[in-house]
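Residue numbers (this note's numbering), protein chains in the order written: chain A, 34 to 707; chain B, 420 to 543. Idealized CB from N, CA, C, for every residue including glycine. For reference, the structure is listed below as structure tokens.
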């Protein structure tokens, strides 16, 4: 493939993704509003699929093109009123969106399997086999100008028929505008008219007044009387009624008070996220450079250089403020509203609820809350998993709910809000909640707790996050996919976030996910161990404890220390990375350490380091192949004085070195003795 | 020779431009992302041909064709409408309004170029 073709292919794919996003939004509205949805929403859906088909065809993706083609026929029937909006139809559209999304994914990544569209094609054909309804052409009832009539597309003709059928008044509205700003003025007029009717067609013509402007003839359906319309359209509009209004019918096209989408007027630029990453990296490096500048200033504290140092410090501070501003605006450009995610998951959730025979109202709140684009992408899977759990295990069937004195219709609420530099996302259902006795039964079966052990709600929740743990009586079609809450927790950890469960006594379950707004810059703890410095992302640090040699005990051959009620296993950072302590203190008895307490899943562990230097902002950079394969390393970062240090991935470190560290330590002792 | 390409899809527009300019050195493309934009650029150039999509916001391809073919100055510019196979009815209407040529998406570049040559021949 030539570079030109490759570039075209990339642009097509990007546009296809955007179309799929808009399609998801419009489908959500269609599902929510049902048959009372505004006609332009259906028309948008049609146009999005239509454009997708065009793109897929150009790329040679015949499968996508074929599905889009059949889908387009269906949508055409829908917008022409030959097919009705039913749950079956919205399901088909939703499944089609999913299939198309997977196809587009496969365009970029050849390793992905292509979905099978055959069953969908059958469903679409079936729903379209409903008999057509022939009737008289209502357009005969009005007197449209010949040129307007001939310029109508098939769809516009249908909308005209629908307007006539509904009893609306049909007008021809003619305006002439100056050439310099006709587009703005016409869009304003169209928006104004669409508030109380439907502009069916816009036909441009030469300036009929003979001036240097341009004229337009709008075909307009509305419940407004001619005098009212004249007021709204303004004095420079010429209005002509194309038919006598039927006085006995309270005419009207149902129009909702909603802002019109003026997408073509938006002034946005599409940018590849990797370009933003690059800018972000440079900003990060500049921040590091600024730190170095301050260090230099500090080193110039002798009497003769003090004025220079002061000036340098002042410049450095002001540079720091500007950099902070720059960093904030770069981060801002990466942020997208969580509504993108809501649109996708709520459609899937509604469909799932129907499949499970449950009546559930899906509520989303705080949809304007913003998060890093990458986080939003990566959040879809874990969020869907939680929703699946809530719908499958949490919310009861209508019968069960009636029996429990609850309303038959369950509720699943997703609520997002910003809290400092984090975003909190609550996923709340009003189902049966987490029952410690059921968790206990299962845990005993799996040998995780003793027969007689009592379980607190907190402990039950911890058990839920254990690998492979599930309380479902039977592995159901929906939740039984071999993925447990432990995977959800890992996904959230990968995004540097946390997840916890709040199981209220009033029933129901709330999962609370807390995520940093962006992954680009991290707060880190800089520590020293065996003369080497390391950075711990603060999100992985539960607390910091100081211990002495006598606090360390050995339980079952493993070093632990006592933290409140628990024995917490210890791990020496120098052991973990196999570093021989250069100037290791021989007299261990009087030695003191800092312990970075971290948790992985439900396991706590302490990582012993010699010193804690400071807290600082870092930008993680990827490390080379050789280091990447070592567990416990998240990347590298520069922390001033051109010093590059490793960033510790505490969770994987504890997981991988829990056992190995002991072996290493024993070995090194033997080695030392020899 | 200048050609006006009216198409609301950015990537399709860029593709058309690349393919046409790459296919013949003598052709220069002016792009318009909507019917309104097309109306705005028309007075500033002398076009030898116009390629337009049918399904577009603001004003659609048929309305644009209707305008052009009823205009004393622009009526002689040959027009090619670009549409998908499902818009056959609309394509017929475009032909009835006076559009000289059509192209169905997806198309082969060679098809695009040969139809464009035919279109340019119409005028001479």
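Residue 515 of chain B and residue 71 of chain A have their C-alpha atoms some 31 Å from each other. Shown in chain order are the members of the stretch 173-204 of chain A whose Cβ falls below 9 Å from a Cβ of chain B: 180, 181, 183, 184, 185, 186, 187, 188 and 189.
Counting only unbroken stretches of 4 or more residues, the alpha helix (DSSP H) elements lying wholly within the stretch 465-517 of chain B are 480-488 and 507-516, in sequence order.
Counting other Cβ atoms within 10 Å of its Cβ, residue 253 of chain A reaches 16 or more and is therefore classed as buried. For residue 439 of chain A, no chain B residue has a Cβ inside 7 Å of its Cβ, as the nearest lies near 47 Å away. Secondary structure in the stretch 366-439 of chain A: the alpha helix (DSSP H) runs of 4 residues or longer, each lying completely within the stretch, are 372-388, 406-422 and 431-436 in chain order. Remark: C-beta atoms of residue 639 of chain A and residue 645 of chain A do not approach each other more closely than 9 Å. In this structure, the alpha-carbon of residue 126 of chain A lies about 27 Å from that of residue 427 of chain A. For the stretch 219-248 of chain A, the beta-carbon criterion of a distance under 8 Å to any beta-carbon of chain B is satisfied by 219, 220, 234, 235, 236, 237, 238, 239 and 247.
Between the stretch 446-464 of chain A and the stretch 580-588 of chain A, the count of C-beta pairs closer than 8 Å stays below three; the two stretches do not touch. For residue 117 of chain A, the secondary structure class from DSSP, reduced to helix, strand or coil, is coil.
Excluding the 5 residues flanking it on each side, residue 359 of chain A has same chain C-beta neighbours closer than 7 Å at 316, in chain order. Partner residues in the beta bridge of residue 649 of chain A, as assigned by DSSP, are A/557.
Residues of the same chain with a CB within less than 6 Å of the CB of residue 504 of chain B, apart from the 5 flanking positions on each side, are 523 in chain order. With contacts defined by Cβ atoms closer than 9 Å, residue 678 of chain A and residue 609 of chain A do not form a contacting pair. When DSSP states are grouped into helix, strand and coil, residue 641 of chain A belongs to the strand group. Looking at the DSSP output, residue 451 of chain B shares a beta bridge with B/425.
The residues 557, 559 and 672, in chain order, have a CB closer than 7 Å to that of residue 649 of chain A in the same chain once the five nearest residues on each side in sequence are set aside. For residue 180 of chain A, there is no enclosing beta strand (DSSP E); the enclosing alpha helix (DSSP H) has its first and last residue at 179-184. Counting along the chain, residue 470 of chain A sits inside the alpha helix (DSSP H) bounded by residues 469-478. Residues of chain B whose Cβ lies closer than 8 Å to the Cβ of residue 88 of chain A are, in chain order, 428, 430 and 431. Relative to residue 565 of chain A, the option among A/552, A/643 and A/529 whose CA is nearest is A/643.
In the structure shown, residue 489 of chain A falls within a coil segment according to DSSP collapsed to helix, strand and coil. Separation of residue 482 of chain B and residue 95 of chain A (C-alpha to C-alpha, rounded to the nearest whole angstrom) is 31 Å. For residue 485 of chain A and residue 478 of chain A, the gap between their C-alpha atoms comes out near 13 Å.
Judged by DSSP secondary structure, residue 159 of chain A falls within the alpha helix (DSSP H) whose first and last residues are 151-161. For residue 113 of chain A, the CB contacts under 6 Å within the same chain, skipping 5 residues up- and downstream, are 191 in chain order.
A distance of 9 Å or more separates the beta carbons of residue 129 of chain A and residue 147 of chain A. Residue 437 of chain B has a beta carbon lying within less than 9 Å of a beta carbon in chain A. Spanning the alpha carbons of residue 421 of chain A and residue 531 of chain A requires a straight line of approximately 19 Å. The CB of residue 447 of chain B never comes closer than 7 Å to any CB in chain A; the least such distance is about 18 Å. Rounded to the nearest whole angstrom, the C-alpha separation of residue 549 of chain A and residue 406 of chain A is 12 Å. At a beta-carbon threshold of 7 Å, the residues of chain A lying near residue 490 of chain B are 239, ordered along the chain.
Excluding its 5 nearest sequence neighbours in each direction, residue 605 of chain A has C-beta neighbours in its own chain below 6 Å: 641, listed in chain order.
Nearest Cα to residue 218 of chain A within the set A/92, A/522 and A/270: A/270. Per DSSP, the beta bridge partners of residue 450 of chain A are A/457.
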